[in-house]
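Residue numbering for the sequence shown follows the working numbering, beginning at 385 and increasing consecutively.
Shown next, in structure tokens, is the structure this report addresses.
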Amino acid sequence: MKSSELFNRAKTLMPGGVSSPVRAIKPYPFYVERAAGSHLTTVDGADLIDCCLGYGPLILGHAHPEVREAIERQLEKGWLYGTPTPLELDLAGIITGDHPAVEMVRFVSSGSEATMAAIRLARGYTGKQDIIKIEGGFHGAHDAVLVKAGSGATTLGVPDSAGVLADLTAHTRQVPYNDTEALEALLAGNDDVAAFILEPVMGNVGPVLPDDGYLADVREITAAHDVLLILDEVITGYRAGIGGAEVLYDVKPDLATFGKIIGGGLPIGAFGGRCDIMELVAPAGPVYQAGTFSGNPASLAAGYATLRHLHDHPEIYRRLDDATRAIGEAAADAGKGTFVRIGSLFKHFFRDAAPRDYREVKECDTEAFSRFWKAMLEAGIFLPPSQFETNFLSAAHTTQDIKQIAEAYGSCLFA
């Protein structure tokens, strides 16, 4: 098979043969030749319904005509200038207009870069050293947050990374998700905390959903202790709806981070928040942040086209919510494990009850998931290859796609 041959070569050229750990499917990953709409075509000729969607960015599906045309128009004009472009204002205007707490925004090149810059900014604004994150929460692969991380690190069983300095992680505290008592206790005993960063919905080990009132209580507790609240909306941004989790759960952070969907499938990240905080970012203030590819015109064009389409077609969110509900009903009929969904995010946990935090996610039967994943792939459905990753749907998934996914869930859960 071509994929096997390609992987054998890849292992001689790249660590583990891949560019990101979660792609290291055993015994070898399949290689994609092209994609359109909701489907992938592999180099071996297989046609797969895609429920990974680049790990979330492709809410309109692969090669959406409007997004593709926007990219092509920009490519005709050039794709890197090293200067400001009007597109920055267009995309920034949409994001700030959709998020009441985001008054100013800075574009970067990835979600990891966005969270890294937001944490630096929080420390610069408050003059404090420590940050708090959620156990199992994933905020990219930079040192300050690569502590008991979710996503690929959890899958590999190495939640702490070699090469991360103890001096850095000493300033990163952790509390369980959905546990306000632990957060209150930690803050009561530490007056050197700059910020609490969390995914409003745990995406990289989930979706794990917030308890009723949890996010509102988090906002109240952090404000009472003069700690900045950073909502990491790299996954939930424009997935949970227009305005993301901020609007869905009516919680107003001090800072927020974005990525994935706002780039329409091209590399991007952004962080934003209150003007008085954001104006500390260079060149307006002393908190340094810079990047050659920040505000890349092609990414901005793709992101602007995507967000404009979502604004013009708000019914997309209702249809995606209906679709994951239908899949969940099929999974429930199988009577094994627990199906969790919110909008277009969904996951089947091989555990009797829906997990409320990272520790409970880790109780899932990963061997059962592995059997299920392989059965789904044989049925023509590509899910992220980990119990610790969220599945996604797109506007390109047809009624027939959803029916096929639901039927596969109903049969493969018995595998």
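Idealized CB from N, CA, C, for every residue including glycine.
Nothing here was measured: the structure is a model prediction, and the numbers come from that model.
State the start and end residues of the unbroken beta strand (DSSP E) segment that holds Gln673.
-> For the purposes of this step, residue 673 is identified with residue 289 of the sequence shown, where counting begins at 1. Note, Gln673: premise wrong, no beta strand (DSSP E); not H, not E.
Simplified DSSP state of Gly687, which is helix, strand or coil | Locating residue 687 in the sequence shown gives position 303, counting from the first residue. Helix, per DSSP.
In or out: Pro739 buried (at least 16 other Cβ within 10 Å) or exposed?
-> Within the sequence shown, residue 739 is the residue found at index 355, counting from 1. Counting of Cβ neighbours within 10 angstroms places Pro739 among the buried residues, the total reaching 16 or more.
Taking just the CA atoms, how far does Asp474 sit from Ala528?
-> Translated into the one-based positions of the sequence shown, residue 528 becomes position 144. Translated into the one-based positions of the sequence shown, residue 474 becomes position 90. Going from the Cα of Ala528 to the Cα of Asp474 covers about 32 Å.
With distances taken between CB atoms, is the gap from Gly628 to His523 smaller than 8 Å?
-> Walking along the sequence shown from the start, residue 628 turns up at place 244. Walking along the sequence shown from the start, residue 523 turns up at place 139. Going by C-beta atoms, Gly628 is not nearer than 8 Å to His523.
Determine the direct distance from the alpha carbon of Gly521 to that of Thr783, and round the result to whole angstroms.
-> Reading the sequence shown from its first residue, position 399 is the one you call residue 783. Reading the sequence shown from its first residue, position 137 is the one you call residue 521. Straight-line Cα distance between these residues: approximately 33 Å.
Could you check which residue in Asp638, Val492, Met500, Ala572 has the C-alpha nearest to that of Leu650?
-> Here residue 650 is taken as the residue at index 266 of the sequence shown, counted from 1. Minimum Cα distance to Leu650 is reached at Val492.
Selection from Gly679, Leu729, Asp638, Met488 that minimises the alpha carbon distance to Pro591 = Indexing the sequence shown from 1 puts residue 591 at position 207. For the residues Gly679, Leu729, Asp638, Met488, the minimum Cα distance to Pro591 belongs to Leu729.
7 Å CB neighbourhood of Leu444 in its chain, flanking five on each side removed | Residue 444 sits at position 60 when you count from the first residue of the sequence shown. If we look at Leu444 and ignore the five residues flanking it on each side, its Cβ neighbours are Val451, Thr690, His693, Ser778, Ala779, Ala780.
Pairwise C-alpha distance: Ile786 and Glu713 | Along the sequence shown, read from residue 1 onward, the residue named residue 713 stands at position 329. Along the sequence shown, read from residue 1 onward, the residue named residue 786 stands at position 402. Rounded to whole angstroms, Glu713 to Ile786 spans 12 Å at the Cα level.
Given that a residue counts as buried once 16 or more other Cβ atoms are within 10 Å of its Cβ, and exposed if not, what is Cys796?
-> The residue you call residue 796 lines up with position 412 of the sequence shown. Its Cβ being crowded by 16 or more others within 10 Å, Cys796 is buried.
Look at Val611 and Ala640 and say whether their C-beta atoms are less than 8 Å apart.
-> What you label residue 611 is simply residue 227 of the sequence shown in a count that begins at 1. What you label residue 640 is simply residue 256 of the sequence shown in a count that begins at 1. Contact: no.
Give the straight-line distance between the Cα atoms of Leu704 and Gly727, rounded to the nearest whole angstrom.
-> Here residue 704 is taken as the residue at index 320 of the sequence shown, counted from 1. Here residue 727 is taken as the residue at index 343 of the sequence shown, counted from 1. Roughly 6 Å between the two C-alpha positions.
Look at the Cβ atom of Asp563, then the Cβ atom of Asp706, and state whether they are nearer than 8 Å.
-> Numbered from 1 along the sequence shown, position 179 holds the residue referred to as residue 563. Numbered from 1 along the sequence shown, position 322 holds the residue referred to as residue 706. No.
Tell me which same chain residues have a C-beta within less than 8 Å of the C-beta of Gly541, skipping the five on either side of it?
-> For the purposes of this step, residue 541 is taken as the residue at position 157 of the sequence shown. Unreliable positioning characterises Gly541 in this predicted model, as indicated by a pLDDT of 37, which lies under 50. The coordinate reading is nonetheless provided below. So no residue of the chain qualifies.
Mind checking Met398: buried by the 16 CB within 10 Å criterion, or exposed?
-> Here residue 398 refers to the residue found at position 14 of the sequence shown. Exposed is the call here.
Determine the DSSP secondary structure at Glu347, reduced to helix, strand or coil.
-> Limits of the chain in this structure are 385 at one end and 799 at the other, which puts residue 347 out of reach.
Indicate the three-state DSSP secondary structure (helix, strand or coil) for Thr538 in the structure shown.
-> If you number the sequence shown from 1, residue 538 lands on position 154. Annotation note: pLDDT 47 at Thr538 (below 50); position unreliable, coordinate value reported separately. Three-state result, Thr538: helix.
Could you name the residues that DSSP lists as bridge partners for Ile516?
-> In the sequence shown, residue 516 corresponds to position 132, counting from 1. Note: Ile516 sits in a beta bridge opposite Arg557, Phe580.
Check whether the Cβ atoms of Arg674 and Leu471 sit closer than 8 Å, and answer yes or no.
-> Indexing the sequence shown from 1 puts residue 674 at position 290. Indexing the sequence shown from 1 puts residue 471 at position 87. Before going on, a small fix: residue 674 reads as Ala here, not Arg. Not in contact: Ala674 and Leu471 (Cβ atoms no closer than 8 Å).
Arg557 and Asp514 look like a contact to me (Cβ under 8 Å); what is the Cβ gap, rounded to whole Å?
-> By one-based count along the sequence shown, residue 557 stands at place 173. By one-based count along the sequence shown, residue 514 stands at place 130. Right, the Cβ-Cβ distance comes to about 6 Å (below 8 Å), so this counts as a contact.
Taking three-plus beta-carbon pairs below 8 Å as touching, is the stretch 410-429 in contact with the stretch 615-625?
-> no
Ends of the alpha helix (DSSP H) at Arg407?
-> Locating residue 407 in the sequence shown gives position 23, where the first residue counts as 1. Per DSSP, Arg407 belongs to no alpha helix (DSSP H) and is neither H nor E.
At which residue ranges does the stretch 739-780 contain complete alpha helix (DSSP H) runs of 4 or more residues, listed in the order of the chain?
-> Entirely contained in the stretch 739-780, the alpha helix (DSSP H) runs reaching 4 residues are, in chain order, 742-745, 750-762.
For Cys748, count neighbouring Cβ atoms within 10 angstroms of its own Cβ and tell me buried if that reaches 16, exposed if not.
-> Here residue 748 is taken as the residue at index 364 of the sequence shown, counted from 1. The residue is buried, with at least 16 neighbouring Cβ atoms inside 10 Å.
Inter-residue spacing [alpha-carbon to alpha-carbon] between Pro768 and Phe723 = Numbered from 1 along the sequence shown, position 384 holds the residue referred to as residue 768. Numbered from 1 along the sequence shown, position 339 holds the residue referred to as residue 723. Near 15 Å, if we compare the C-alpha coordinates of Phe723 and Pro768.
Hey, Ala498 and Gly647: beta-carbon distance below 8 Å or not?
-> Start at 1 with the first residue of the sequence shown, and residue 498 comes out as number 114. Start at 1 with the first residue of the sequence shown, and residue 647 comes out as number 263. In this structure, Gly647 does not lie closer than 8 Å to Ala498 by Cβ.
Host beta strand (DSSP E) of Lys731 (start-end) | Position 347 of the sequence shown, counted from the first residue, corresponds to residue 731. Here the beta strand (DSSP E) through Lys731 covers 729-733.
List the whole-angstrom C-beta distance separating Gly614 from Pro637, where the pair is believed to meet the contact cut-off of C-beta under 8 Å.
-> The residue you call residue 614 lines up with position 230 of the sequence shown. The residue you call residue 637 lines up with position 253 of the sequence shown. First, the amino acid is wrong: residue 614 is Ile here, not Gly. So it is a contact: roughly 6 Å between Cβ atoms.
Status (buried if at least 16 other CB within 10 Å, exposed otherwise) for Arg603 | By one-based count along the sequence shown, residue 603 stands at place 219. Its Cβ being crowded by 16 or more others within 10 Å, Arg603 is buried.
Can you tell which of Ala408, Phe776, Tyr412 has its C-alpha closest to the C-alpha of Glu389?
-> Your numbering for residue 389 matches position 5 in the sequence shown. It is Tyr412.
Neighbourhood of Asp634 by C-beta distance below 8 Å, restricted to the same chain and skipping five residues each side | What you label residue 634 is simply residue 250 of the sequence shown in a count that begins at 1. Cβ neighbours of Asp634 beyond the five flanking positions: Ala600.
Cβ of Ala654 versus every heavy atom of the ligand PLP: is any distance shorter than 7 Å?
-> Looking at this structure, you won't find the ligand PLP or any other ligand, since it has none at all.
Which runs of the beta strand (DSSP E) spanning at least 3 residues fall entirely within the stretch 624-662, listed in chain order?
-> Note on the stretch 624-662: whole beta strand (DSSP E) runs with a minimum of 3 residues are 639-643, 653-657, in chain order.
Leaving aside the five residues before and after His609 along the sequence, list all residues of the same chain whose C-beta is less than 6 Å from its C-beta, in chain order.
-> Numbered from 1 along the sequence shown, position 225 holds the residue referred to as residue 609. Excluding positions up to five away in sequence, the list reads Leu571.
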